[in-house]
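Engineer: First residue of the sequence shown: 1, per full-length UniProt numbering; consecutive thereafter.
C-beta: ideal position from N, C-alpha, C; glycine also.
Owing to the predicted nature of the structure, the values given are computational and were not obtained by experimental measurement.
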Amino acid sequence: MNSIKFKNNLRSSKFFNVLSLTIFIIVFFNFSTISIAAPISSRVPIARDDEDSKKIQIIEPSKIAEPESKPAPTIAPSETPPIPPQIQNELISKLETFHGFVGFELRDLATNDVLIAYNSEKLFIPASNTKLLTALVALESLGDDYKFQTKIYYTGEISNNFRGNLYIKGFGDPVLTSLQYKEILKRATVDRGIKKIYGDIIFDYTFMTEEGFGRGWMWDDPQPQIAAINIWQTSYESFKYKTNYEIRDYINFLTTLYLQEIGVEFWGEIRYEEVPANVTLLYSNYSPPLTDIIQQMLETSDNQIAEQIFRDLGAIYGNGEIEDSENHFKKVIKETLGYDPTDYIIKDGCGLSMYNLISPNMLSDSLFYLYSKYQSKFFDYLASPYEDSTLEKRFNFEIYAKTGTLYYDSAISGIFKSKSGKYYLFSLIENNFPLDVQNVKEFENSIINYLYENL
Numbered sequence: 001m002n003s004i005k006f007k008n009n010l011r012s013s014k015f016f017n018v019l020s021l022t023i024f025i026i027v028f029f030n031f032s033t034i035s036i037a038a039p040i041s042s043r044v045p046i047a048r049d050d051e052d053s054k055k056i057q058i059i060e061p062s063k064i065a066e067p068e069s070k071p072a073p074t075i076a077p078s079e080t081p082p083i084p085p086q087i088q089n090e091l092i093s094k095l096e097t098f099h100g101f102v103g104f105e106l107r108d109l110a111t112n113d114v115l116i117a118y119n120s121e122k123l124f125i126p127a128s129n130t131k132l133l134t135a136l137v138a139l140e141s142l143g144d145d146y147k148f149q150t151k152i153y154y155t156g157e158i159s160n161n162f163r164g165n166l167y168i169k170g171f172g173d174p175v176l177t178s179l180q181y182k183e184i185l186k187r188a189t190v191d192r193g194i195k196k197i198y199g200d201i202i203f204d205y206t207f208m209t210e211e212g213f214g215r216g217w218m219w220d221d222p223q224p225q226i227a228a229i230n231i232w233q234t235s236y237e238s239f240k241y242k243t244n245y246e247i248r249d250y251i252n253f254l255t256t257l258y259l260q261e262i263g264v265e266f267w268g269e270i271r272y273e274e275v276p277a278n279v280t281l282l283y284s285n286y287s288p289p290l291t292d293i294i295q296q297m298l299e300t301s302d303n304q305i306a307e308q309i310f311r312d313l314g315a316i317y318g319n320g321e322i323e324d325s326e327n328h329f330k331k332v333i334k335e336t337l338g339y340d341p342t343d344y345i346i347k348d349g350c351g352l353s354m355y356n357l358i359s360p361n362m363l364s365d366s367l368f369y370l371y372s373k374y375q376s377k378f379f380d381y382l383a384s385p386y387e388d389s390t391l392e393k394r395f396n397f398e399i400y401a402k403t404g405t406l407y408y409d410s411a412i413s414g415i416f417k418s419k420s421g422k423y424y425l426f427s428l429i430e431n432n433f434p435l436d437v438q439n440v441k442e443f444e445n446s447i448i449n450y451l452y453e454n455l
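#1: Could you tell me if K131 is buried or exposed, where buried requires 16 or more neighbouring beta carbons within 10 angstroms of its beta carbon?
#2: For L95, collect the residues of the same chain with a Cβ closer than 7 Å to its Cβ; drop the 5 residues on either side in sequence, then sort them by chain order.
#3: On a CA-only basis, which of F98, P81 and Q295 is nearest E444? Give me that one, please.
#4: Classify T255: buried if its beta carbon has 16 or more other beta carbons within 10 angstroms, exposed otherwise.
#5: With distances taken from CA atoms, which of G318, L337 and T336 is nearest H328?
#6: For L282, which of N165, P81 and N439 has the nearest alpha-carbon?
#7: What residue range is occupied by the uninterrupted beta strand (DSSP E) comprising A315?
#8: Go ahead and label N89 buried or exposed: buried means 16 or more other beta carbons lie within 10 angstroms of its beta carbon, across all protein chains shown.
#9: Please name the residue, chosen from A277, Y424, M218 and I247, that lies closest to residue 514 on a Cα-to-Cα basis.
#10: Less than 7 Å between the C-beta atoms of I294 and P174, yes or no?
#11: Would N356 pass as a contact of I346 if the rule is Cβ separation under 7 Å?
#12: Per the contact definition of three or more C-beta pairs closer than 8 Å, is the segment 207-215 in contact with the segment 262-275?
#13: Is the CB-CB distance between A127 and G404 below 7 Å?
#14: Could you tell me which residues DSSP puts in a beta bridge with V440?
#15: To the nearest angstrom, report how far apart D249 and F310 are at their CA atoms.
#16: By DSSP's criteria, Y423 is part of a beta bridge. Which residues make up the other side?
#17: Can you check which of these residues, D302, L406, A401 and S389, is closest to S364 by C-alpha distance?
#18: Going by C-alpha to C-alpha distance, which of L382, I197, I333 and K182 sits closest to L133?
#19: Per DSSP, I226 forms a beta bridge with which residues?
#20: Does DSSP put Y374 in a helix, in a strand, or in coil?
#21: Q149 lies in the beta strand (DSSP E); which residues open and close that run?
#22: Which residues does DSSP pair with R271 in a beta bridge?
#23: From W217, Q296 and I158, pick the residue whose C-alpha is nearest to that of Y198; which is it?
#24: What's the gap between the Cα of G338 and the Cα of A315?
#25: Where DSSP assigns a beta bridge to S128, which residues make up the other side?
#26: What is the C-beta distance between Y452 and S418, in whole angstroms, given that I count them as a contact (C-beta under 8 Å)?
#27: What residues are listed by DSSP as bridge partners for I116?
#28: Using the rule of at least 16 other Cβ atoms within 10 Å of the residue's Cβ for burial, across every protein chain shown, is D340 buried or exposed?
#29: Along the chain, where does the alpha helix (DSSP H) that runs through L257 open and close?
#30: Could you tell me the boundaries of the beta strand (DSSP E) in which K169 lies?
#31: Helix, strand or coil, according to DSSP, for L455 in the structure here?
#32: How would you label T390, buried or exposed, when you count the other beta carbons within 10 angstroms and need 16 or more for buried?
#33: Is the separation between the beta-carbon of Q149 and that of S325 shorter than 7 Å?
#34: With DSSP as the reference, label A284 as helix, strand or coil.
#35: Out of K196, L142, F368 and Y272, point me to the one whose CA is closest to T206's CA.
#36: I'd like to confirm the pairing. Which residues does DSSP put opposite S410 in its beta bridges?
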């Protein structure tokens, strides 16, 4: 009897040991799979840079003029008189009532003179206002008409029954869509008479040596994946929790799917290698000009475009690591704005990083630099109330700006035309507030509306 009881206890003990080990393995590997994506945050995310302007609009659609295209300034900015002390004091009082850390700067657009400053040289988490620096560095480095490429090479001889290999090498096109990628495959196969591929398709991702998520991004925030070959997706949620390898698998899937759809049989394998020296260029695809890409990035606050550009600069002017991107930003910012690397922190190009620290003063300097170089053309790059952008229907007067939202951080920087017809440049950032973000947007609106009415 005791022997039987002992054996039953032994079986029970073994069962629970095996069960415990199984549970441990499942939990461990599931946790491991999740934890490699990005740093873990205890914060609960709120709406960020893909802001829903309808939630914060204060202007009824019937009360705002909606021209066919975005208006541009028709009157050159003229020198603005000093702001009366009463207006300065009232504005400072409004800023002091904010429940959080706030910084503000107002300048005369004609002279760049600072008219009002409140914590303007202190450092803040800038959220998507970081993209203003990304625009500046990219345009200064690459030029207005720069185009990103995607190239396809081949070995062997082109024929209906192609027995060579195809090599697809990406150079960080930030706006390559899935349909454009399908067209690239068609141009390289069907348009060249290829009906069957017996060789392999080899992807070359070596343009960048560090891909994936950015530094200081939160694991529970919808984040873009960055790679040398990438498919632009405007829905950030489609990237959430995905790894870099899953993005590659997605491109592999699109490749086989699109070849089938365009009538090309593929009998080989998909591999990853560097393009060898003994290949021939088959087709080159070019992105739109950089200015068009920058406009899309700023108007809609597109994180994938901004971060892809940030990483591209590190690959073009370095070895393709994030540190190379950071170093290039420091170099260009020093040359253009005069800021030393100890004056700020930039760890990504899109503003998702919680490590970024920039002052309102620095953002104003960036805005004025870009305006000085591009004049009224720069207004087209920014969001406005008259179009599908982060400012749509938010104001009923002429204003061009970049917004930003990240957890408990909000920002808006830009240029507006006051009721008296004068142009002003401003930067407003709020951090560490215990408020709903929509209340913070209303606070921003109240500040800007006050300036519009009284200047």
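Structural biologist: Short version:
#1: buried
#2: V102, F104 and Y118
#3: F98
#4: buried
#5: G318
#6: N165
#7: Premise fails: A315 lies in the alpha helix (DSSP H), N303 to I316, not in any beta strand (DSSP E).
#8: exposed
#9: There is simply no residue 514 to check, as the chain begins at 1 and stops at 455 in what is shown.
#10: no
#11: yes
#12: no
#13: yes
#14: None; V440 has no bridge partner.
#15: 24 Å
#16: K417
#17: A401
#18: I333
#19: G212
#20: helix
#21: Q149 to Y154
#22: I202
#23: I158
#24: 24 Å
#25: Answer is none; S128 lacks a bridge partner.
#26: 5 Å
#27: L106
#28: exposed
#29: N244 to E261
#30: L166 to G170
#31: coil
#32: buried
#33: no
#34: Looking at the sequence shown, residue 284 is not Ala but Ser. Looking at S284 - three-state DSSP - the assignment turns out to be strand.
#35: Y272
#36: T405 and E430
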